[in-house]
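Peer 1: Numbering (our numbering), first residue to last: 302 to 775. Glycine included, each C-beta is placed from N, C-alpha and C at the ideal position. From a predicted model like this one, the values you see are computed outputs, not experimental measurements.
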Ligand code: NAP
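Rendered as structure tokens:
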């Protein structure tokens with residue numbers, strides 16, 4: 302056979318997961334000048350884009366325009382999309398080793414971290430990740446229900462996901478109508494009686510994880526206002542020293558924005574977002590469902606690594622709330638046949654090379670990882686670009702050293718035949734573009750950016766019913 306990485310014997314890579322990190326990995330592979338690479342991207346959903354579709358808030362449409370770049374990557378003649386194919390069910394790791402020289406896992410972090418407190422599983426207590434997936438029309442979450450008849454809600458955590466959840470709870474139906482929020486979520490939120498949203502942060506205003514535009518945006522909504530009691534922005538000596546050092550401009554700006562909120566008189570808007578810093582939930586109270594959250598007041602201390610960490614005092618408080626969203630971080634999910642480090646929720650790796658174990662593990666030949674399942678759930682969409690490039694560079698080094706898999710049938714036909722044999726109705730990128738066109742058309746009819754499909758059956762049916770492209774091009 303001719304040399305690997307040539308037109309007659311391309312270097313074949315499978316990417317599992319069609320989110321940003323997967324696309325950036327595909328892009329870097331396909332840009333190689335001296336190596337002919339074929340990339341096959343798999344996703345268990347018929348739709349690509351991962352968290353850009355299922356995570357980015359519907360009122361952040363501009364951020365979603367990054368998908369145009371992904372469409373350009375997908376247009377490369379050596380790129381194929383196999384949607385509606387689940388790794389670990391429809392295709393196993395051993396199957397892929399028959400068709401590919403390397404596999405890149407780009408599955409993100411699909412579940413949530415827990416608070417580990419009594420009452421966490423009471424009805425009315427939800428992971429923010431599920432609410433996010435629900436309002437974004439993710440098929441696995443569309444049947445969930447959230448009791449929006451409650452007037453008081455607590456959101457635990459002060460990251461940007463918490464900000465997204467708070468905005469979606471606080472926006473008016475008129476604001477939400479302009480977005481691509483799931484139709485059923487829009488309908489449920491129209492009837493929302495939520496009035497007070499408590500934002501609970503375990504550390505102080507100088508340590509909040511949200512970024513400047515996000516905290517600013519909370520104060521720019523039609524019928525919601527941010528209430529920062531003056532005591533809340535008073536910095537403790539350690540935080541004051543930290544802010545004065547000027548080492549974190551973003552934290553400094555966050556404190557400024559919060560201080561401005563604390564000085565504002567109430568505007569009498571219908572919904573209030575109330576900040577509570579330096580508190581940790583210790584229990585969710587309720588018999589049949591959540592009725593209140595018990596919090597402990599924290600104080601900050603300097604940890605050995607120099608960071609300011611919270612520790613509980615002996616002061617407790619009970620806030621009546623009927624709904625709690627914990628937004629304390631995402632957590633990765635293990636993949637069948639792939640090593641996993643449960644503590645961090647990641648696939649153990651060294652610069653993207655999968656290792657058998659997080660501590661002193663051996664490299665798993667042919668396996669690589671990118672994105673949140675590589676480094677944990679942090680960073681914005683763009684953070685994934687250099688992260689994926691790093692992994693692909695290591696992969697290419699291994700390819701040059703001949704340290705990759707040795708598939709017996711490295712061809713698209715072989716993999717497609719296996720999928721067909723197994724009765725897997727895979728969805729192509731052309732199919733996705735049919736769905737995309739229908740969603741945008743249906744949205745435009747309502748003056749919205751898109752109206753999303755939220756059921757896999759409906760997506761498959763729409764693809765099936767769409768007119769087939771004319772092979773003659775007429
Ligand atoms: P995050 O930024 O890591 O924030 C997690 C929050 O949970 C922090 O406030 C953290 O507090 C708190 N927390 C963690 N464990 C806790 C516990 N046991 N009890 C109470 N609080 C706890 O995570 P995220 O909000 O899930 O966001 C994930 C990533 O996506 C971030 O990098 C984020 O910036 C990004 N993102 C960006 C956007 C955007 O650009 N608009 C939107 C959404 C998400 P500590 O700080 O004390 O640990």
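Check whether the segment 448-457 touches the segment 623-636, taking contact to mean three or more Cβ pairs, one atom from each stretch, closer than 8 Å.
Peer 2: Yes: at least three Cβ pairs fall under 8 Å.
Peer 1: Nearest by alpha-carbon distance to residue 765: which of 699, 731, 505 is it?
Peer 2: It is 731.
Peer 1: Determine contact between the segment 739-754 and the segment 395-405, defined as no fewer than three beta-carbon pairs at a distance below 8 Å.
Peer 2: As far as the Cβ criterion goes, the segment 739-754 does not touch the segment 395-405, which means the pair count is below three.
Peer 1: To which residues does DSSP link residue 341 through a beta bridge?
Peer 2: DSSP lists 315, 381 as partners of residue 341.
Peer 1: Looking at C-alpha atoms only, which residue of 539, 498, 528 is the closest neighbour of residue 504?
Peer 2: When only C-alpha atoms are compared, the closest one is 539.
Peer 1: With DSSP as the reference, please indicate the residues paired to residue 455 in a beta bridge.
Peer 2: Residue 455 pairs with 499, 625.
Peer 1: Could you say which of 768, 469, 706, 649 lies nearest to residue 739 if we only look at CA atoms?
Peer 2: Closest option to residue 739, Cα to Cα, is 768.
Peer 1: If we count Cβ pairs, one from each stretch, closer than 8 Å, do we get three or more for the segment 595-603 versus the segment 428-446?
Peer 2: In short, these stretches do not touch, since the Cβ pair count stays below three.
Peer 1: Taking one C-beta from the segment 385-402 and one from the segment 713-730 each time, how about it: are there three or more such pairs within less than 8 Å?
Peer 2: The answer is yes - the segment 713-730 touches the segment 385-402, with three or more Cβ pairs under 8 Å.
Peer 1: Quick check on the burial criterion: 16 or more other C-beta atoms within 10 angstroms. Buried or exposed for residue 681?
Peer 2: The residue is exposed, with fewer than 16 neighbouring Cβ atoms inside 10 Å.
Peer 1: For residue 594, is the beta carbon positioned less than 6 Å from some heavy atom of the ligand NAP?
Peer 2: Not under cutoff, so the answer is no.
Peer 1: Among the residues of its own chain, which have a CB less than 8 Å from the CB of residue 476, if the five just before and after it don't count?
Peer 2: The residues are 360, 522, 523.
Peer 1: Which runs of the alpha helix (DSSP H) fall wholly inside the segment 698-737 and span at least 4 residues, in chain order?
Peer 2: Correct list: 713-722.
Peer 1: Return the chain-ordered list of same chain residues with a C-beta closer than 7 Å to the C-beta of residue 531, the five sequence neighbours on each side being excluded.
Peer 2: Excluding residues within five positions, the ones whose Cβ falls inside 7 Å are 563.
Peer 1: Do you know offhand how far residue 574's Cα is from residue 696's?
Peer 2: Taking the straight line joining both Cα atoms gives about 47 Å.
Peer 1: On the criterion of 16 or more Cβ atoms from any shown chain inside 10 Å, does residue 685 qualify as buried, or is it exposed?
Peer 2: Its Cβ being crowded by 16 or more others within 10 Å, residue 685 is buried.
Peer 1: Where do the ends of the beta strand (DSSP E) carrying residue 667 lie?
Peer 2: Per DSSP, residue 667 belongs to the beta strand (DSSP E) from 664-670.
Peer 1: Got a sec, what are the start and stop residues for the alpha helix (DSSP H) residue 655 sits in?
Peer 2: Run containing residue 655: none in the alpha helix (DSSP H); it sits in the beta strand (DSSP E), 654-656.
Peer 1: Is residue 629 near the ligand NAP, in the sense that its beta carbon is under 6 Å from a heavy atom of that ligand?
Peer 2: At least one heavy atom of the ligand NAP is nearer than 6 Å to the Cβ of residue 629, so yes.
Peer 1: Measuring only the C-alpha atoms, how far is residue 720 from residue 713?
Peer 2: Near 11 Å, if we compare the C-alpha coordinates of residue 713 and residue 720.
Peer 1: Say yes only if the C-beta of residue 678 is nearer than 6 Å to one or more non-hydrogen atoms of the ligand NAP, and no if none qualify.
Peer 2: Checking the Cβ of residue 678 against the ligand NAP gives yes.
Peer 1: Can you tell me whether residue 412 is helix, strand or coil according to DSSP?
Peer 2: It is a strand residue.
Peer 1: The ligand NAP and residue 760: does the residue's C-beta get closer than 6 Å to at least one heavy atom of that ligand?
Peer 2: Residue 760 Cβ: outside cutoff for every heavy atom of the ligand NAP.
Peer 1: Classify residue 492: buried if its beta carbon has 16 or more other beta carbons within 10 angstroms, exposed otherwise.
Peer 2: By the 10 Å Cβ count, residue 492 comes out exposed.
Peer 1: Which term fits residue 440, buried or exposed, when burial requires 16 or more other beta carbons within 10 angstroms of its beta carbon?
Peer 2: That one is buried.
Peer 1: Measuring straight from C-alpha to C-alpha, what distance separates residue 533 and residue 552?
Peer 2: When rounded, the distance between both Cα atoms is 15 Å.
Peer 1: Report back the beta-carbon spacing between residue 364 and residue 328 to the nearest angstrom; my notes put them in contact at under 8 Å.
Peer 2: Not a contact, Cβ separation roughly 18 Å.
Peer 1: Could you check the C-alpha separation between residue 396 and residue 356 for me, to the nearest Å?
Peer 2: Looking at the two C-alpha atoms, the distance is approximately 30 Å.
Peer 1: For residue 416, verify whether its CB is less than 6 Å away from any heavy atom of the ligand NAP.
Peer 2: Yes, the Cβ of residue 416 comes within 6 Å of a heavy atom of the ligand NAP.
Peer 1: If contact is defined by three or more beta carbon pairs under 8 Å, each pair taking one atom from either stretch, is the segment 306-313 in contact with the segment 335-342?
Peer 2: They touch, by the three-pair rule.
Peer 1: Just how far apart, CA to CA, sit residue 447 and residue 546?
Peer 2: Each residue's alpha carbon lies about 43 Å from the other.
Peer 1: At what residues does the alpha helix (DSSP H) containing residue 397 begin and finish?
Peer 2: Where residue 397 is concerned, the enclosing alpha helix (DSSP H) stretches over 394-400.
Peer 1: Is any heavy atom of the ligand NAP found at a distance shorter than 6 Å from the C-beta of residue 504?
Peer 2: For the ligand NAP, at least one heavy atom lies less than 6 Å from the Cβ of residue 504.
Peer 1: Classify residue 442: buried if its beta carbon has 16 or more other beta carbons within 10 angstroms, exposed otherwise.
Peer 2: Answer is buried; the Cβ neighbour count reaches 16.
Peer 1: Does the beta-carbon of residue 458, which I'm using as the reference point, lie nearer than 6 Å to any heavy atom of the ligand NAP?
Peer 2: For the ligand NAP, at least one heavy atom lies less than 6 Å from the Cβ of residue 458.
Peer 1: Is residue 572 closer than 7 Å to residue 525 when the C-beta atoms are compared?
Peer 2: Result yes, Cβ atoms of residue 525 and residue 572 sit closer than 7 Å.
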